[in-house]
Structure formats: structure tokens, C-alpha cells
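For what it's worth, our numbering labels the leading residue of the sequence shown as 17, then goes sequentially.
Yeah, the Cβ is synthetic: ideal placement off N, Cα and C, and Gly gets one too.
Quick caveat: nothing in here was measured; it's all calculated off a predicted structure.
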Amino acid sequence: MRYLNTLLLHPDPAVRATLREHLAGVEFVRVLGEAVTAFEALELLEHVPYGVFFLGLDLPGDASGFELAQMLSGRKHKPALVFLASDESKAFAAFELGATDYLLWPPSAERFARTVTRLAQFRAHFKEIPPPAPWGGDDDPDEDEQTVQLPLGEEEEDRFMKALSQAWEYGTTPRPVEIEKLPITLDGRTVLIPYTQIIFVEAYEDYSYVHTAGQKFLTSYRLKILEDRLRQYRFFRVHRKYLVNLEMVTEIASLPGSNFMLRTQGKTRIELPISRRRITELKRILGL
17 MRYLNTLLLH PDPAVRATLR EHLAGVEFVR VLGEAVTAFE ALELLEHVPY GVFFLGLDLP
77 GDASGFELAQ MLSGRKHKPA LVFLASDESK AFAAFELGAT DYLLWPPSAE RFARTVTRLA
137 QFRAHFKEIP PPAPWGGDDD PDEDEQTVQL PLGEEEEDRF MKALSQAWEY GTTPRPVEIE
197 KLPITLDGRT VLIPYTQIIF VEAYEDYSYV HTAGQKFLTS YRLKILEDRL RQYRFFRVHR
257 KYLVNLEMVT EIASLPGSNF MLRTQGKTRI ELPISRRRIT ELKRILGL
């Protein structure tokens, strides 16, 4: 029997324990772990091919259940999402994000049985991430050929992928002109943020926060990707964690110990550190 590996993602241990009891009698479901935060779940997903997440809406840390769903939206092998909630107010938004089910907690036995039925239907077309094929086995048709794999650093990998992308696109029809807006998924809809409204971008693990004057948005973009995309629009990476819109910078301050800080415009002035190795390039760009 092909199982659906299941993660229980909820801050309340009592809820997780009750979920285990409900799922114990479901033959095709196999509970393989519990987590409390969205980023713990993402870390586990890198190592376990989960087919189902039972998750709460409000999670501790910097990402809610909905924000986790947004981060998973681009994955090819996305697990089923069963949201647990105290009321129906966010049910529509959950299904807009591709939820398999939305359970009012605690559910009746009859209602939970309907969730199991939906998971059985999901299992029929769910495909786990295939395991890597063994190398050098007896079934290898090209026994005389060998492939040497060398690990690439982050910058080398980015350059390689960029070059590969350019080679693929070479000779094809011209790409459409890029509009100067950044698409961000928010509550099941795509929001387009003009580059001119972005003050700075902050790296967060493998994701990033985009800060505007009145709001910040959690995105699935890596900071390096946004650096490449926004460099031509006068964005500069002042620190390994920060990419700033130079049009928003109003002051560069010198701090004790040969350190530097820049300040941005707006009702709330934001101060960002500048790494020592980047200050020289920043001064050159600004003509200082």
C-alpha cells in the first residue's frame, strides 16, 4: 500500500495528540513527525516526502499557515493541506490557496470521515518526489562512463543557472518587456508592487521579506534572485541580509569602529547596516 506521509503542524500539543488518535485508524495515512512553526515544517519537507500537512492558521514565528501555503504553491510535489480552524471566517481564503480541506476544530467523527475521503481522493493522483537512482549499479547500461559531481558554492550555482537560462533562451523569440513591478502572492491573489514603493528587502532563511512604507510581504524569492532582478533599478545589496532601494536612501552615517549605517526616507526612518566590504562600492556608485 502506498502511504501518505503526514506532518502535524500546530502549536498546541493537545491538538496534535488528538490528531494522532483520529488518524491511527486510517490505513493509508502514516504520521511521520510534528512541528510547531512553518519553517520547521519546510525543513522537514526537505528530508521527508510528505503527502499531507494538517496545519493551524496561527503559527508562532514569522509565518502563518496561510503564508506557508503561499510558499508551497510553486512546488511540483505539493502536499495536501488540511487547515484546522476555530471558525469558518477564513475558509474561502484557504480553498483559494489550494487547501484540500478546512476543518473546524474539534470536528465530529462524521466530518473527519469526510476529510479522510478527500485525502483518499488526493492520494490517487499524488506522486512523491522520486528517490535518486543508484549510481554505478549493475543495471547501468553505460558501465564505462562515469559522472563526477562537484558541489558548487551559492554564487557559483547562481552564475551557472543564469548562464544555463541564457543559453536556453538564446535564439528564441524576444521575451516580453518586464514591467517594473514585483508579483507577490497574498491570500490567494497576486499583488503587484511597484519597484519604486519598495524600500528594502530582507533575507529570511531561503525566503525574503519585501518592505514598503506601510507593510512587509513574505515572499518565496531568495535575496540573490531579487538582487539580480532589481540591480538595474538602483537597488544595492548593502549587507548579506539586506537589499536597499538607493532612491530611498537619505543619509549614510559613520559609526564607531569603522562601521556604517544608512537611513531611508519615510514617516518611520529605517536604519540598515552596511558591511565593510560593500561600503567602497556603494561610495563609488554614489560618486563619493
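Within the same chain, show all residues whose beta-carbon is closer than 7 Å to that of Pro199, passing over the 5 residues directly before and after it, in chain order. Taking the sequence shown and counting its residues from 1, one reaches residue 199 at position 183. Taken in chain order, the residues that qualify are Thr206, Leu208.
Using a C-beta cutoff of 8 Å, does Ser224 count as contacting chain B? Absent from the structure: chain B. Only one protein chain is present.
Going by DSSP, name the residue or residues bridged to Pro289. Position 273 of the sequence shown holds residue 289. Pro289 is bridged to Met277.
Beta-carbon separation of Thr201 and Ile215 under 8 Å? Stepping through the sequence shown from its first residue, residue 201 is reached at position 185. Stepping through the sequence shown from its first residue, residue 215 is reached at position 199. No, these two residues do not count as a Cβ contact at 8 Å.
Per DSSP, what kind of secondary structure is Arg46 in: helix, strand or coil? The residue you call residue 46 lines up with position 30 of the sequence shown. In this structure, Arg46 counts as strand in the three-state DSSP scheme.
Excluding the 5 residues flanking Phe70 on each side, which residues of the same chain have their C-beta closer than 6 Å to its C-beta? Here residue 70 is taken as the residue at index 54 of the sequence shown, counted from 1. Taken in chain order, the residues that qualify are Leu24, Leu35, Val98.
If you run the structure through DSSP and keep just helix, strand and coil, what is Ala136? Residue numbering aside, residue 136 sits at position 120 when the sequence shown is read from its first letter. In the structure shown, Ala136 sits in a helix (DSSP, three-state: H, G or I).
Environment of Ile290 [buried if 16+ CB atoms lie within 10 Å]: Along the sequence shown, read from residue 1 onward, the residue named residue 290 stands at position 274. Buried is the call here.
When you compare only the Cα positions, how much space is there between Ile241 and Glu37? Taking the sequence shown and counting its residues from 1, one reaches residue 241 at position 225. Taking the sequence shown and counting its residues from 1, one reaches residue 37 at position 21. Taking the straight line joining both Cα atoms gives about 43 Å.
Beta carbon of Tyr237 nearer than 8 Å to that of Asp78: For the purposes of this step, residue 237 is taken as the residue at position 221 of the sequence shown. For the purposes of this step, residue 78 is taken as the residue at position 62 of the sequence shown. Their beta carbons are not under 8 Å apart, which means Tyr237 does not touch Asp78 by this criterion.
Output needed for Leu84: all residues of its chain with C-beta closer than 6 Å, excluding positions within five of it in sequence on either side, in chain order. Numbered from 1 along the sequence shown, position 68 holds the residue referred to as residue 84. For Leu84, where only same-chain residues beyond five positions count, the Cβ hits under 6 Å are Ala54.
Close-in-space but distant-in-sequence residues of the same chain around Gly41 (CB under 8 Å, 5 per side omitted): Mapped onto the sequence shown, residue 41 falls at position 25. So the list is empty, once near-sequence residues are dropped.
Best match in Leu234, Thr235, Arg253 for proximity to Glu243 [C-alpha to C-alpha]: Translated into the one-based positions of the sequence shown, residue 243 becomes position 227. The candidate whose alpha carbon is nearest that of Glu243 is Arg253.
CB-CB under 8 Å to Tyr186, same chain, minus the five flanking residues each way: which ones, in chain order? Locating residue 186 in the sequence shown gives position 170, counting from the first residue. Because the pLDDT at Tyr186 is just 48, under 50, the model does not fix this residue reliably, and the value given afterwards should be weighed accordingly. Cβ within range, chain order: n/a, list empty.
Out of Gln231, Thr22, Leu288, Arg279, state which residue places its alpha-carbon closest to the alpha-carbon of Val47. Here residue 47 refers to the residue found at position 31 of the sequence shown. Val47 has its Cα closest to that of Thr22, out of Gln231, Thr22, Leu288, Arg279.
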